[in-house]
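Asker: Okay, handing you the structure first.
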Amino acid sequence: MSLIELRNVSRFYISGKEQKKYALKAVSLSFPNKGLISILGKSGCGKSTLLNLIGGIDKASEGIIYFDNEDISKFKEKDLMVFRSQIVSYIFQHYHLLEDQTALYNVMLPALINGDDYKTANKKAKDLLNSFSINKELFNKKCADLSGGEKERIAILRSLINKPKVILADEPTGALDKNNAILTMETLKKMSKECLVIMVTHNASLAEQYSDRIIKMSDGRVTADIRINNIYAKTNRELPKKHKTNYRWMNKIVSSNFVKRFKRNIFSILSLVVGLVSSMLIFGFSNGKDDSIVKSMERQFDYGTASICKENKIISPDSPITLIQTMRPSYNEMQEIGQACNDFRICYSYDSLITSFPTVSFNDKQIDNFSYSPIYSFSDASINRDLLIKGKIPSFDTLNQVVVNQVAYRTLNNLFKYDSLNSVLRIKEQQSYSLATGDGEKPYVTDYFVFDRLVQIVGVVKEVEFLNSPKIFYSYLAMDDYMNEAVLNNLSVYLGDTTWKDAVIDSMDNDPLSSYSCRLFLKDAQKISSMKSIKNIISEQYSVTSNGVTVEETLLTLVNAASVGMEVFLGIALVGVVMILGIISFASYNEDIKDSAILLCYGATRDDIAMIYVFESIMVGIISVVVSFLVSVLITKPINLLIERFTSLINVINIPFLEFHNRTLLFPLLIIGATLFICVIATYLPIGFSKRISLKEELKAND
Ligand code: ADP
Ligand code: MG
Numbered sequence: 122m123s124l125i126e127l128r129n130v131s132r133f134y135i136s137g138k139e140q141k142k143y144a145l146k147a148v149s150l151s152f153p154n155k156g157l158i159s160i161l162g163k164s165g166c167g168k169s170t171l172l173n174l175i176g177g178i179d180k181a182s183e184g185i186i187y188f189d190n191e192d193i194s195k196f197k198e199k200d201l202m203v204f205r206s207q208i209v210s211y212i213f214q215h216y217h218l219l220e221d222q223t224a225l226y227n228v229m230l231p232a233l234i235n236g237d238d239y240k241t242a243n244k245k246a247k248d249l250l251n252s253f254s255i256n257k258e259l260f261n262k263k264c265a266d267l268s269g270g271e272k273e274r275i276a277i278l279r280s281l282i283n284k285p286k287v288i289l290a291d292e293p294t295g296a297l298d299k300n301n302a303i304l305t306m307e308t309l310k311k312m313s314k315e316c317l318v319i320m321v322t323h324n325a326s327l328a329e330q331y332s333d334r335i336i337k338m339s340d341g342r343v344t345a346d347i348r349i350n351n352i353y354a355k356t357n358r359e360l361p362k363k364h365k366t367n368y369r370w371m372n373k374i375v376s377s378n379f380v381k382r383f384k385r386n387i388f389s390i391l392s393l394v395v396g397l398v399s400s401m402l403i404f405g406f407s408n409g410k411d412d413s414i415v416k417s418m419e420r421q422f423d424y425g426t427a428s429i430c431k432e433n434k435i436i437s438p439d440s441p442i443t444l445i446q447t448m449r450p451s452y453n454e455m456q457e458i459g460q461a462c463n464d465f466r467i468c469y470s471y472d473s474l475i476t477s478f479p480t481v482s483f484n485d486k487q488i489d490n491f492s493y494s495p496i497y498s499f500s501d502a503s504i505n506r507d508l509l510i511k512g513k514i515p516s517f518d519t520l521n522q523v524v525v526n527q528v529a530y531r532t533l534n535n536l537f538k539y540d541s542l543n544s545v546l547r548i549k550e551q552q553s554y555s556l557a558t559g560d561g562e563k564p565y566v567t568d569y570f571v572f573d574r575l576v577q578i579v580g581v582v583k584e585v586e587f588l589n590s591p592k593i594f595y596s597y598l599a600m601d602d603y604m605n606e607a608v609l610n611n612l613s614v615y616l617g618d619t620t621w622k623d624a625v626i627d628s629m630d631n632d633p634l635s636s637y638s639c640r641l642f643l644k645d646a647q648k649i650s651s652m653k654s655i656k657n658i659i660s661e662q663y664s665v666t667s668n669g670v671t672v673e674e675t676l677l678t679l680v681n682a683a684s685v686g687m688e689v690f691l692g693i694a695l696v697g698v699v700m701i702l703g704i705i706s707f708a709s710y711n712e713d714i715k716d717s718a719i720l721l722c723y724g725a726t727r728d729d730i731a732m733i734y735v736f737e738s739i740m741v742g743i744i745s746v747v748v749s750f751l752v753s754v755l756i757t758k759p760i761n762l763l764i765e766r767f768t769s770l771i772n773v774i775n776i777p778f779l780e781f782h783n784r785t786l787l788f789p790l791l792i793i794g795a796t797l798f799i800c801v802i803a804t805y806l807p808i809g810f811s812k813r814i815s816l817k818e819e820l821k822a823n824d
């Protein structure tokens, strides 16, 4: 019984016009389990083809090859790997060593692939190298730096480490000088006592000198089969051991690949870092924006003021239109509201008399778009003193002193080219009102409201600037006092001393003097959150308008829209990053296709090979994540400061490094997980789905 048997085996290639060109034609041979068998023949006669078919590197077109009575074409991928790592072993014509790795490591590799741990493989390899008297200096030399003879010996020793049953040697002496050729033949001869050695050569004299049997070939056919020594065809059936999966053997290859492609990997790292850092910033933005806007918007000096009016819905049964009439709440209603929301003061509004935009002038020059807005009092807890950045807030309530916001301050400075703090503005408002006298003969008189005052800017407050306009803040209490003393000359003739305040209080709901609303002032600036909840407290018939809250809500809507936009672009960018990574890995894989084929020949699986590139990507991923964390930690602050400068939004970007959804370190873990997932997918998919060419072609790749 023979170990290997070929029955009518042919291998043909289809040439141009669908014509079969036979590299091997109807070869039937059988091989025992020991001895040195030489295959002799001219170049191109099919020797390598025969060897490749026996070794499972190529597939027969016709006929069957039996190994130990099993048809090798029926081997599954796993069987084939066991076959290649434990049963047959190749000594290639062109050595096919991993040129970037050391001699020692090349010899160790088949053992490592076969599941040996590093220590065992290292010992086996060293023992083997020593037993063949290989100079120790060669052990740690890179194969690329070895001479032809040295490479040949390393290639031979590599084929021995797993104690294979069959050694297939393709012209092992072809590139060697005479001494080295003899040395090689001696080695093969020695090995052939233990196992079957099939050697291809065109050196007839060496073949005759060493072989137990010579098979001569010509034109793809066997022309002679000469037995020199009798070798017995005897096999003792030994089932192959299981192939162990152990990824540790890849470490060295992965790290040397990483170094070999350092520049390319730096490029991958950069593109990943760009992707990751922008993801984190955008995520930080989505995460931090709401808080930031709320916090920043609360930095409005008049955030605590609002106006409140009553809405009277007029629904007509015949019309789809609902009319809403706004009215000022009555005195009693104001009391009720005041009780319901006790964080607020409910006051009469003087908006009809002194509008938000009176005429403002500075040095006799009129300034547009400056608003004149009330805050309750300069001297109590209703204002946020932390916002003051220049000058002071008056210590008592007076109309003579005002505070301006930064936009106003800067506008004035730019207009007049000097520091406008402590300078004087003129506020002017003039209106006329017809007021009821209660006198039947002359039911109405007209009074003129004239407000013309010089006010000194004593302080500047820092407000959020985005969406904010120049504002001059005055004290409502001082205005209330003023209205209390400002007498209506004409009406007083009929009603006795009547002040503008009286007129406002007495005005009817739909009277222009009522301005259809009253004012709300927050009692304590600390309780700013009640500004937003006020709508929930009061009954539905009232509507509250707060400039601060409106601006805040507008900004939230805008920023939310921007954030969604950014997330979409980020998604697209990430797809780009994945593709770049995939392309780079695939290029690397293609570049190394020959090295991979060598590993496959020594029993590595296709998945093992893909894992080499996946691990390289994972290294890239891990470095990228670390760099990205550092970069984003470092740049978040400056970016936030920059955004604050232009928009006054504080800490918009808030990357939740330490805690996310109440879980410690959840966010960094998610980022690491996502990155590694991306790296694995981007690498594995293109390699996994790439077209597979035969091992034989792959071994020739890049030659
Ligand atoms: P040897 O090793 O004896 O020099 P080979 O076994 O390498 O010869 O090749 C045998 C024949 O098969 C040659 O004529 C060669 O041109 C042909 N051959 C080998 N590989 C291919 C291929 N991929 N496509 C077409 N012909 C091939
Ligand atoms: Mg050949």
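Using the numbering used here, you'd call the opening residue of the sequence shown number 122 and step up by one each time. Quick reminder that beta carbons are idealized off the backbone N, C-alpha and C, glycines included. Note that the structure is a prediction, hence the values are computed from the model and not measured.
Is residue 518 closer than 8 angstroms to residue 541 when the C-beta atoms are compared?
Answerer: No, Cβ-Cβ distance for residue 541 and residue 518 is not below 8 angstroms.
Asker: According to DSSP, is residue 479 part of a helix, a strand, or is it coil?
Answerer: Coil.
Asker: Just list the beta strand (DSSP E) runs in the stretch 181-228, keeping only unbroken ones of 3 residues or longer that don't cross its boundaries, in chain order.
Answerer: Here the runs fully enclosed are 183-188, 209-212.
Asker: What would DSSP say about residue 777, mapped onto helix, strand or coil?
Answerer: Looking at residue 777 - three-state DSSP - the assignment turns out to be coil, as it is neither helix nor strand.
Asker: Helix, strand or coil for residue 448? Go by DSSP, reduced to three states.
Answerer: Residue 448 falls in the strand class under three-state DSSP.
Asker: Leaving out five residues on either side along the sequence, give the residues of the same chain with a beta carbon under 7 angstroms from the beta carbon of residue 461.
Answerer: Within the same chain, residue 461 has close Cβ partners 658, 659.
Asker: Examine the Cβ distances between the stretch 389-406 and the stretch 604-616 and report whether three or more of them are shorter than 8 angstroms.
Answerer: The stretch 389-406, when compared against the stretch 604-616, does not touch it at the 8 angstroms Cβ threshold.
Asker: Less than 8 angstroms between the beta carbons of residue 405 and residue 775, yes or no?
Answerer: Yes, Cβ-Cβ distance for residue 405 and residue 775 is below 8 angstroms.
Asker: Determine the DSSP secondary structure at residue 564, reduced to helix, strand or coil.
Answerer: Three-state DSSP puts residue 564 in coil, outside helix and strand.
Asker: From the DSSP secondary-structure annotation, give me the bridge partner or partners of residue 263.
Answerer: DSSP, once it has assigned bridges, lists 223 as partnering residue 263.
Asker: Is the Cβ-Cβ distance between residue 582 and residue 524 less than 8 angstroms?
Answerer: Going by C-beta atoms, residue 582 is nearer than 8 angstroms to residue 524.
Asker: Determine the DSSP secondary structure at residue 176, reduced to helix, strand or coil.
Answerer: Residue 176: helix per DSSP, three-state reduction.
Asker: Quick one: does the C-beta of residue 184 sit closer than 7 angstroms to a heavy atom of the ligand ADP?
Answerer: No, the beta carbon of residue 184 sits no closer than 7 angstroms to any heavy atom of the ligand ADP.
Asker: Rounded to whole angstroms, what is the Cα-Cα separation between residue 482 and residue 514?
Answerer: Taking the straight line from one Cα to the other gives about 22 angstroms.
Asker: Residue 321 and residue 291: beta carbons closer than 8 angstroms?
Answerer: Yes, the pair counts as a contact, with Cβ atoms nearer than the cut-off.
Asker: When the Cα atoms are used, what is the spatial distance from residue 383 to residue 226?
Answerer: Whole-angstrom Cα-Cα distance: 21 angstroms.
Asker: Ordered along the chain, which non-local residues of its own chain (more than five positions away) have a Cβ less than 8 angstroms from that of residue 584?
Answerer: Contacts found: 420, 421, 422, 508, 526, 527, 528, 592, 769.
Asker: Within the same chain, show all residues whose beta-carbon is closer than 7 angstroms to that of residue 341, passing over the 5 residues directly before and after it, in chain order.
Answerer: For residue 341, where only same-chain residues beyond five positions count, the Cβ hits under 7 angstroms are 143, 144, 145, 146, 166, 167.
Asker: Closer than 8 angstroms by C-beta to residue 516: which residues in its own chain qualify, once you throw out the five before and the five after it? Chain order, please.
Answerer: Cβ neighbours of residue 516 beyond the five flanking positions: 499, 500.
Asker: Should the stretch 632-649 be called in touch with the stretch 442-462, which here means at least 3 C-beta pairs below 8 angstroms?
Answerer: Segments in contact, yes.
Asker: Ignoring anything shorter than 3 residues or poking outside the stretch 655-713, list the beta strand (DSSP E) runs there in chain order.
Answerer: Here the runs fully enclosed are 663-666.
Asker: At what residue ranges does the stretch 302-358 contain a whole run of the alpha helix (DSSP H), taking only runs of 4 or more?
Answerer: Entirely contained in the stretch 302-358, the alpha helix (DSSP H) runs reaching 4 residues are, in chain order, 325-331.
Asker: For residue 289 versus residue 154, is the C-beta distance shorter than 8 angstroms?
Answerer: Not a contact, by the Cβ cut-off of 8 angstroms.
Asker: Looking at residue 343 and residue 319, is the spacing between their C-beta atoms short of 8 angstroms?
Answerer: For residue 319 and residue 343, no; Cβs fall outside 8 angstroms.
Asker: Determine the DSSP secondary structure at residue 405, reduced to helix, strand or coil.
Answerer: It is helical.
Asker: With a threshold of 7 angstroms, establish whether the CB of residue 180 neighbours any heavy atom of the ligand ADP.
Answerer: No.
Asker: Report the option in 411, 474, 765 whose CA atom is closest to the CA atom of residue 586.
Answerer: For residue 586, the nearest C-alpha among the options comes from 765.
Asker: Residues bridged to residue 443 by DSSP?
Answerer: Partner(s): 436.
Asker: Cβ of residue 291 within 7 angstroms of any heavy atom in the ligand PLP?
Answerer: This structure lacks the ligand PLP; its bound ligands are the ligand ADP and the ligand MG.
Asker: Could you name the residues of the same chain whose beta carbon sits closer than 8 angstroms to that of residue 579, not counting the 5 residues immediately before and after it, in chain order?
Answerer: The answer, listed in chain order, is 512, 513, 514, 515, 522, 523, 524, 542, 543.
Asker: The beta strand (DSSP E) that contains residue 297, what's its start and end?
Answerer: Careful: residue 297 lies outside any beta strand (DSSP E) and carries neither H nor E.
Asker: Apply the 10 Å Cβ neighbour rule to residue 819 and answer buried if 16 or more other Cβ atoms are within range, or exposed otherwise.
Answerer: With 16 or more other Cβ atoms within 10 Å, it is buried.
Asker: Under three-state DSSP, which class holds residue 291?
Answerer: DSSP places residue 291 in strand when its eight states are reduced to three.
Asker: Would you identify the three-state DSSP class for residue 166, choosing helix, strand or coil?
Answerer: Residue 166: coil per DSSP, three-state reduction.
Asker: Return the residue from the list 722, 763, 545 that minimises the CA-CA distance to residue 174.
Answerer: The shortest C-alpha separation from residue 174 is found at 722.
Asker: Going by C-alpha to C-alpha distance, which of 293, 623, 369, 717 sits closest to residue 212?
Answerer: When each option's Cα is compared against that of residue 212, the closest is 293.
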